[in-house]
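A.B. asks: Quick note, the numbering used here runs 127 ahead of the 1-based positions in the sequence shown. Backbone N, C-alpha and C define an ideal beta-carbon position, used for all residues, glycine too.
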Amino acid sequence: EITAACIAGVFSLEDAVRLVAARGRLMQALPAGGAMVAIAASEAEVAAALRPDAASVSIAAVNAPQRVVIAGAEPQVQAIASAFAARGVHTKALRVSHAFHSPLIEPMLASFARQAEAVTYHPPTCPLVSTLHGRLVGDEILTPAYWVRQAREAVRFADAMATLHQAETDTFVE
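This is the structure we're talking about:
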């Protein structure tokens, strides 16, 4: 059975709550703004479209083979979404307070790293799939750097689900 980090014993419930609260507090302290848009296109198509604006927009999530979310500076996100919509690709603006998993959250990462350094990590007590890379975790989950990457990089939900499917998992908790 594959399970969540807290339940898998990577950190205590107290450390998990402290880390989640710190992440939320730091993200909410960022300047308001930014945008997130879901695009019904492949990761490769979306990555190519945002390449010119990579300093201000990134892929925030890969939820399915044709379901990608982008996040970042609102004008660039809207322009990319509009270009896809003009080609007949379904897009949907997400209602968010901030552009999560994008360059716009980078100002809080050093502070979040300091919070993650205060957590005591333990090897998982059972298999655990990461939405950071979509595979079973290794020792990387025991480092503050992993949790900082988890906050900044794309959520690879589709890859994690594929790994779970291959493992014939039939109960999911996110």
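Please look up how many angstroms separate the CB atoms of VAL256 and ALA287, rounded, as I've assumed it's under 8 Å.
C.D. replies: About 5 Å separates the two Cβ atoms, so the contact holds.
A.B. asks: Could you check what DSSP says for LEU221 in three-state terms: helix, strand or coil?
C.D. replies: In this structure, LEU221 counts as strand in the three-state DSSP scheme.
A.B. asks: Alpha carbons only, please: which of PRO192, ALA200 and SER169 is nearest the one belonging to PRO158?
C.D. replies: Ranking PRO192, ALA200 and SER169 by Cα distance to PRO158 puts ALA200 first.
A.B. asks: Runs of 3 residues minimum, wholly inside the stretch 184 to 218: which ones carry the beta strand (DSSP E) assignment?
C.D. replies: Fully enclosed beta strand (DSSP E) runs of 3 or longer: 184 to 191 and 194 to 199.
A.B. asks: Sort ILE197, ALA278 and ALA188 by Cα distance to ALA176 and report the nearest one.
C.D. replies: Out of ILE197, ALA278 and ALA188, ILE197 has the C-alpha closest to the C-alpha of ALA176.
A.B. asks: Please confirm whether LEU259 and TYR248 have their CB atoms less than 9 Å apart.
C.D. replies: No. Outside cutoff.
A.B. asks: Looking at the secondary structure, which residues open and close the beta strand (DSSP E) in which VAL164 lies?
C.D. replies: Element bounds for VAL164: 162 to 166.
A.B. asks: Please go through the same chain and pick out, in chain order, the residues whose beta-carbon is closer than 8 Å to the beta-carbon of ASP297, but skip the five residues on each side of it.
C.D. replies: For ASP297, where only same-chain residues beyond five positions count, there are no Cβ hits under 8 Å.
A.B. asks: So for VAL282, helix, strand or coil by DSSP?
C.D. replies: DSSP places VAL282 in strand when its eight states are reduced to three.
A.B. asks: Going by beta-carbon coordinates alone, are GLY161 and CYS253 separated by less than 9 Å?
C.D. replies: No.
A.B. asks: How big is the Cα-Cα spacing for GLN193 and ALA167?
C.D. replies: Their Cα atoms are separated by approximately 5 Å.
A.B. asks: How long is the line joining the alpha carbons of ALA289 and LEU269, rounded to whole angstroms?
C.D. replies: Between ALA289 and LEU269, the C-alpha separation is close to 23 Å.
A.B. asks: Nearest to ARG214 by alpha carbon, out of LEU291, GLU172, ASP180 and GLN242?
C.D. replies: Comparing Cα-Cα distances from ARG214 to each of LEU291, GLU172, ASP180 and GLN242, the minimum goes to GLU172.
A.B. asks: Leaving out five residues before and five after ASP180 in sequence, what residues of the same chain have Cβ atoms less than 6 Å from its Cβ?
C.D. replies: Excluding residues within five positions, the ones whose Cβ falls inside 6 Å are GLN203.
A.B. asks: Can you check DSSP and say which residues form a bridge with ALA256?
C.D. replies: The sequence given here places Val at residue 256; Ala does not occur at that position. Its beta-bridge partners are LEU263.
A.B. asks: For GLU233 and ARG279, what's the separation of their Cα atoms in angstroms?
C.D. replies: Looking at the two C-alpha atoms, the distance is approximately 7 Å.
A.B. asks: Indicate the three-state DSSP secondary structure (helix, strand or coil) for HIS249 in the structure shown.
C.D. replies: In the structure shown, HIS249 sits in coil (DSSP, three-state: anything other than H, G, I, E or B).
A.B. asks: Just the C-alpha distance for ARG222 and ALA208, rounded to the nearest angstrom, thanks.
C.D. replies: Whole-angstrom Cα-Cα distance: 15 Å.
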